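Everything on this sheet refers to the single structure shown next.
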Amino acid sequence: MSEAGDAAAKRVGLRSRAWFDNPDNPDMTALYVERYLNYGISLEELQSGKPIIGIAQTGSDLVPCNRHHIVLAERLREGIREAGGIAIEFPTHPIQETGKRPTAGLDRNLTYLSLVETLYGYPIDGTVLTIGCDKTTPACLMAAATVNIPAIALSVGPMLNGWHKGERTGSGTIVWKAREMLAAGEIDYKGFIELVASSAPSTGFCNTMGTATTMNSLTEALGMSLPGSAAIPAPYRDRQECAYLTGKQIVEMVLADRKPSDIMTRTAFLNAIRVNSAIGGSTNAPIHLNATARHMGVELDLADWEAHGADVPLVVNLQPAGKYLGEDFYRAGGVPAVMGQLLRAGMIDGSALTANGRTVADNVGEAESEDADVILPLERPLRHAAGLSVLSGNLFDNAVMKLSVISDDFRRTYLSDPDDPDAFEGVAAVFDGPEDYHARIDDPALGLDARSILVMRGAGPIGYPGGAEVVNMRPPAALIRAGIHALPCLGDGRQSGTSGSPSILNAAPEAAVGGGLALLRTGDRVRIDLKRRRVDMLVDDAEIDRRRAALAGTGGVAAPESQTPWQEIHRQLVGQFDTGAVLEDAVRFQRIAQTRGLPRDSH
Ligand code: FES
Ligand code: MG
Numbered sequence: 113m114s115e116a117g118d119a120a121a122k123r124v125g126l127r128s129r130a131w132f133d134n135p136d137n138p139d140m141t142a143l144y145v146e147r148y149l150n151y152g153i154s155l156e157e158l159q160s161g162k163p164i165i166g167i168a169q170t171g172s173d174l175v176p177c178n179r180h181h182i183v184l185a186e187r188l189r190e191g192i193r194e195a196g197g198i199a200i201e202f203p204t205h206p207i208q209e210t211g212k213r214p215t216a217g218l219d220r221n222l223t224y225l226s227l228v229e230t231l232y233g234y235p236i237d238g239t240v241l242t243i244g245c246d247k248t249t250p251a252c253l254m255a256a257a258t259v260n261i262p263a264i265a266l267s268v269g270p271m272l273n274g275w276h277k278g279e280r281t282g283s284g285t286i287v288w289k290a291r292e293m294l295a296a297g298e299i300d301y302k303g304f305i306e307l308v309a310s311s312a313p314s315t316g317f318c319n320t321m322g323t324a325t326t327m328n329s330l331t332e333a334l335g336m337s338l339p340g341s342a343a344i345p346a347p348y349r350d351r352q353e354c355a356y357l358t359g360k361q362i363v364e365m366v367l368a369d370r371k372p373s374d375i376m377t378r379t380a381f382l383n384a385i386r387v388n389s390a391i392g393g394s395t396n397a398p399i400h401l402n403a404t405a406r407h408m409g410v411e412l413d414l415a416d417w418e419a420h421g422a423d424v425p426l427v428v429n430l431q432p433a434g435k436y437l438g439e440d441f442y443r444a445g446g447v448p449a450v451m452g453q454l455l456r457a458g459m460i461d462g463s464a465l466t467a468n469g470r471t472v473a474d475n476v477g478e479a480e481s482e483d484a485d486v487i488l489p490l491e492r493p494l495r496h497a498a499g500l501s502v503l504s505g506n507l508f509d510n511a512v513m514k515l516s517v518i519s520d521d522f523r524r525t526y527l528s529d530p531d532d533p534d535a536f537e538g539v540a541a542v543f544d545g546p547e548d549y550h551a552r553i554d555d556p557a558l559g560l561d562a563r564s565i566l567v568m569r570g571a572g573p574i575g576y577p578g579g580a581e582v583v584n585m586r587p588p589a590a591l592i593r594a595g596i597h598a599l600p601c602l603g604d605g606r607q608s609g610t611s612g613s614p615s616i617l618n619a620a621p622e623a624a625v626g627g628g629l630a631l632l633r634t635g636d637r638v639r640i641d642l643k644r645r646r647v648d649m650l651v652d653d654a655e656i657d658r659r660r661a662a663l664a665g666t667g668g669v670a671a672p673e674s675q676t677p678w679q680e681i682h683r684q685l686v687g688q689f690d691t692g693a694v695l696e697d698a699v700r701f702q703r704i705a706q707t708r709g710l711p712r713d714s715h
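The sequence shown lines up with residues 113 to 715 when you count with the numbering used here.
Dropping the structure here:
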């Protein structure tokens, strides 16, 4: 380390020294250093005063989306070493979106908790958060917010574009299309799997604007990763270079004592909300960003999403709202090209500080789209006012709807009053969990038609448990064959960010705790009024009272038994989607402090 770096390390008082170099406590120092020497790291290094940088490794064979981080960690280490730090890599609890049953949603808070204990309880001065697959990103940001030591995120990057018969196939999004084709008899089982697999041609995360690209982009928008880093496809050489630069940057951050609380301010979160609208981000974003803000101690709620995000135009032409994929997004300039436009239009605040010590304005002031078909000009967007709408009514206190995927077809079919083009009505078909849906969706007795609204309940943080992405419901095969490819969906669960059907999601409170959805019955009419931002079952109050009385004593719609200890603990501690579905006790604790001082000695 340089002399200036050495002086800076003394000035910030590295916390790792309390383990590795504490002359006042030789007993414990000896105990701490001896075991970290046993794989070849030298005493000289441990006592050099160089910052210890923890690499929070989220990639593994269980998390293919992030697995490339195992390779990237080599370049990270080189950057860390070159800047005068010492890298220590450690695993995090795996969270893979598609493979983890009953839902990766259950594990976000578990990874959060375990990462807090790791960052807090070990000799780590700063950390690189290796983000990627949907929940890995918020889990890492939430933990960094709680421990509040210098932290920078490194995205693993999206997969290369998928192709099938000359057309782009995007992860997730192609599944919904392939399901329809299978239901319509256009492809068989083998063709189905082949088509879906074509969307995953390389290492990396989902190449659509699903939750992964959304959360990696928003991490950059928050200032928690290097500018331009989110969109670089995983296999590109630029991704390796980015890992190296990220490694160098975290050492500088430790020496400058630049912490998450300096970066993840309310200003930064409001910028991220606006970027989310402009990129056509996932409906999971409010859950994860609100959760991160709560752990950071920043005021942020769903009303902010409506107030700050709703009027922002959609300019990123990526599936599911548009047509392109991750490689195209990168070529067109990625997140800086979006933020540069928003900045010049006065739609984001350029003064927010970012990980590299520069402001948003410094980073993206000049950035422009390199391909106006992929990242459109603000004046000629894919859609105007494309943010999330926050709805309430007698079915729930809060739910979100992604305005960017409301099609003209939807408007034509559900419009209830030509003089009021923002009011829609349909007839509910209610399913208690995805098993119920799968068992009955093709049953002609349900009488579904083009005016039906598919309702999923029992899919929230407590009911599922974990809050599953099961509010993506295809219409019955018979309707698909008749040309109806999507019905609106409504539910207390989540929806994959890769899905493009008009949907009302994340309803809180959920049916399992007695939210209004618990009272809805198949055949009830449901009215969606976008202008007044209301969703109501058109059932008279006396009947609603009767139904509520019938439910009394049960708490809500019955949920399946917990199957693991964590499911049970999670159910007791988790809040609802509108407030981030965090472990409420964790946030309660943080109101007193983030984490408190240094931990006690271990022996
Ligand atoms: Fe992991 Fe989409 S499933 S990124
Ligand atoms: Mg998903």
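Ideal placement from N, C-alpha and C gives every residue a C-beta, glycine not left out.
Remember, it's a predicted structure, so these values are computed and weren't measured experimentally.
Measuring alpha carbon to alpha carbon, tell me which residue in Arg-586, Ala-479, Ser-128, Leu-149 is nearest Arg-291. One-based indexing of the sequence shown puts residue 291 at position 179. Among Arg-586, Ala-479, Ser-128, Leu-149, the Cα nearest to that of Arg-291 belongs to Arg-586.
Classification of Gln-159 by the beta-carbon crowding that lies within 10 angstroms, buried from 16 upward: For the purposes of this step, residue 159 is identified with residue 47 of the sequence shown, where counting begins at 1. Exposed.
According to DSSP, simplified to helix, strand and coil, what is Asn-221? Along the sequence shown, read from residue 1 onward, the residue named residue 221 stands at position 109. Reduced to three states, the DSSP call for Asn-221 is helix.
Would you call the stretch 339-353 and the stretch 410-426 in contact, with 3 or more CB pairs under 8 Å? no
Contact set for Lys-212: own chain, Cβ-Cβ below 8 Å, skip 5 residues either direction: In the sequence shown, the residue the question calls residue 212 occupies position 100. Hits under 8 Å: Pro-206, Leu-218, Asp-219.
Using the three-state DSSP reduction, which class does Cys-601 fall into: helix, strand or coil? One-based indexing of the sequence shown puts residue 601 at position 489. Cys-601 falls in the strand class under three-state DSSP.
DSSP state of Lys-514 mapped onto helix, strand, coil: For the purposes of this step, residue 514 is identified with residue 402 of the sequence shown, where counting begins at 1. Note: Lys-514 maps to strand in three-state DSSP.
Excluding the five sequence neighbours on either side, which residues of its own chain have a C-beta within less than 6 Å of the C-beta of Lys-643, listed in chain order? Working through the sequence shown from its first residue, we reach residue 643 at position 531. These residues qualify, in order along the chain: Asp-534.
From what residue to what residue does the beta strand (DSSP E) around Leu-566 run? As a first step, residue 566 must be located in the sequence shown, where it is residue number 454. Where Leu-566 is concerned, the enclosing beta strand (DSSP E) stretches over 564-569.
Nearest-angstrom beta carbon gap, Ala-562 and Ile-596 [assumed within contact, 8 Å]: The sequence position of residue 596 within the sequence shown is 484, counting from 1. The sequence position of residue 562 within the sequence shown is 450, counting from 1. At roughly 5 Å, the Cβ-Cβ gap stays under 8 Å, so Ile-596 and Ala-562 are in contact.
How many angstroms separate the CA atom of Cys-177 from the CA atom of Thr-691? Within the sequence shown, numbered from 1, the residue matching residue 177 stands at position 65. Within the sequence shown, numbered from 1, the residue matching residue 691 stands at position 579. Roughly 27 Å between the two C-alpha positions.
With a threshold of 7 Å, establish whether the CB of Ala-324 neighbours any heavy atom of the ligand FES. The residue you call residue 324 lines up with position 212 of the sequence shown. Within the cutoff, so yes.
In this structure, what does DSSP give as the bridge partners for Pro-203? Your numbering for residue 203 matches position 91 in the sequence shown. For Pro-203, which the question treats as bridged, DSSP gives the partners Gln-169.
Would Asn-221 and His-682 be called neighbours here (beta carbons separated by less than 8 Å)? Here residue 221 refers to the residue found at position 109 when the sequence shown is read from its first residue. Here residue 682 refers to the residue found at position 570 when the sequence shown is read from its first residue. Contact flag set, yes.
Report the option in Asn-319, Tyr-356, Asn-328 whose CA atom is closest to the CA atom of Lys-435. Taking the first residue of the sequence shown as position 1, residue 435 is located at position 323. Out of Asn-319, Tyr-356, Asn-328, Asn-319 has the C-alpha closest to the C-alpha of Lys-435.
From the DSSP output, in three-state form, read off Arg-470 for me. Locating residue 470 in the sequence shown gives position 358, where the first residue counts as 1. When secondary structure is reduced to three states using DSSP, Arg-470 falls in the coil class, being assigned neither helix nor strand.
Is Pro-621 buried or exposed, if buried means 16 or more other CB atoms sit within 10 Å of its CB? Position 509 of the sequence shown, counting from 1, holds the residue named residue 621. Under this definition Pro-621 is a buried residue.
In whole angstroms, give me the CA-to-CA distance for Ile-580 and Gly-605. Residue 580 sits at position 468 when you count from the first residue of the sequence shown. Residue 605 sits at position 493 when you count from the first residue of the sequence shown. Rather than Ile, the amino acid found at residue 580 in this sequence is Ala. Each residue's CA atom was taken as its position, placing Ala-580 and Gly-605 some 5 Å apart.
Mapping the DSSP letters down to three states, classify His-496 as helix, strand or coil. Here residue 496 is taken as the residue at index 384 of the sequence shown, counted from 1. Looking at His-496 - three-state DSSP - the assignment turns out to be coil, as it is neither helix nor strand.
Could you tell me the boundaries of the beta strand (DSSP E) in which Met-649 lies? Translated into the one-based positions of the sequence shown, residue 649 becomes position 537. Counting along the chain, the beta strand (DSSP E) containing Met-649 begins and ends at 646-649.
On the DSSP bridge assignment, give the partners of Leu-367 in chain order. Along the sequence shown, one-based indexing puts residue 367 at 255. Bridge partners of Leu-367 according to DSSP: none are assigned.
Can you give me the start and stop residues for the beta strand (DSSP E) that Arg-717 sits inside? The structure shown does not extend to residue 717, since the chain is modelled only from 113 to 715, so the question has no answer here.
Would the C-beta of Glu-581 count as close to the ligand FES, meaning under 7 Å from any of its heavy atoms? Translated into positions along the sequence shown, residue 581 becomes position 469. It does not: the Cβ of Glu-581 is nowhere closer than 7 Å to a heavy atom of the ligand FES.
For Asp-509, the three-state DSSP class (helix, strand or coil): Counting from 1 along the sequence shown, the entry for residue 509 is found at position 397. Three-state DSSP puts Asp-509 in coil, outside helix and strand.
Between which two residues does the alpha helix (DSSP H) carrying His-420 extend? Mapped onto the sequence shown, residue 420 falls at position 308. Per DSSP, His-420 is one residue of the alpha helix (DSSP H) stretching across 414-421.
Ser-615 beta carbon near the ligand FES (any heavy atom closer than 7 Å): Taking the sequence shown and counting its residues from 1, one reaches residue 615 at position 503. False, no ligand heavy atom lies under 7 Å from that Cβ.
Burial state of Gln-684, where buried means 16 or more other Cβ atoms lie within 10 Å: In the sequence shown, residue 684 corresponds to position 572, counting from 1. The residue in question, Gln-684, is exposed, as its Cβ has fewer than 16 Cβ neighbours within 10 Å.
Tell me the residue span of the alpha helix (DSSP H) that contains Arg-708. Taking the first residue of the sequence shown as 1, we reach residue 708 at position 596. Boundaries cannot be given for Arg-708, as no alpha helix (DSSP H) includes it and DSSP labels it neither H nor E.
So the alpha helix (DSSP H) Thr-323 belongs to, where does it begin and stop? As a working note, residue 323 is residue 211 in the sequence shown. Looking at the DSSP string, the run of the alpha helix (DSSP H) that includes Thr-323 is 323-334.
Are the CB atoms of Pro-214 and Gly-603 within a distance shorter than 8 Å? In the sequence shown, residue 603 corresponds to position 491, counting from 1. In the sequence shown, residue 214 corresponds to position 102, counting from 1. With respect to Pro-214, Gly-603 sits apart: the two C-beta atoms are not nearer than 8 Å.
Relative to the ligand FES, is the shortest distance from any of its heavy atoms to the C-beta of Ala-244 smaller than 7 Å? Position 132 of the sequence shown, counted from the first residue, corresponds to residue 244. As written in the sequence, residue 244 is Gly, which differs from the Ala given in the question. Yes, the beta carbon of Gly-244 sits closer than 7 Å to at least one heavy atom of the ligand FES.
By a C-beta neighbour count over all protein chains shown, 10 Å radius and 16 as the cutoff for buried, is His-181 buried or exposed? In the sequence shown, residue 181 corresponds to position 69, counting from 1. When all chains shown are included, His-181 counts as buried.
Cβ contact (3+ pairs, closer than 8 Å) linking the stretch 263-275 and the stretch 330-344: yes
So Ile-236 packs on Ile-362, CB below 8 Å; how close in whole Å? Stepping through the sequence shown from its first residue, residue 236 is reached at position 124. Stepping through the sequence shown from its first residue, residue 362 is reached at position 250. That belief does not hold up - the Cβ atoms of Ile-236 and Ile-362 are roughly 11 Å apart, past 8 Å.
Apart from the five residues just before and just after Leu-527, which ones in its own chain have a Cβ nearer than 7 Å to its Cβ? Working through the sequence shown from its first residue, we reach residue 527 at position 415. Here the set comprises Pro-533, Phe-536.
I'd like to confirm the pairing. Which residues does DSSP put opposite Leu-527 in its beta bridges? Here residue 527 is taken as the residue at index 415 of the sequence shown, counted from 1. Answer is Phe-536.
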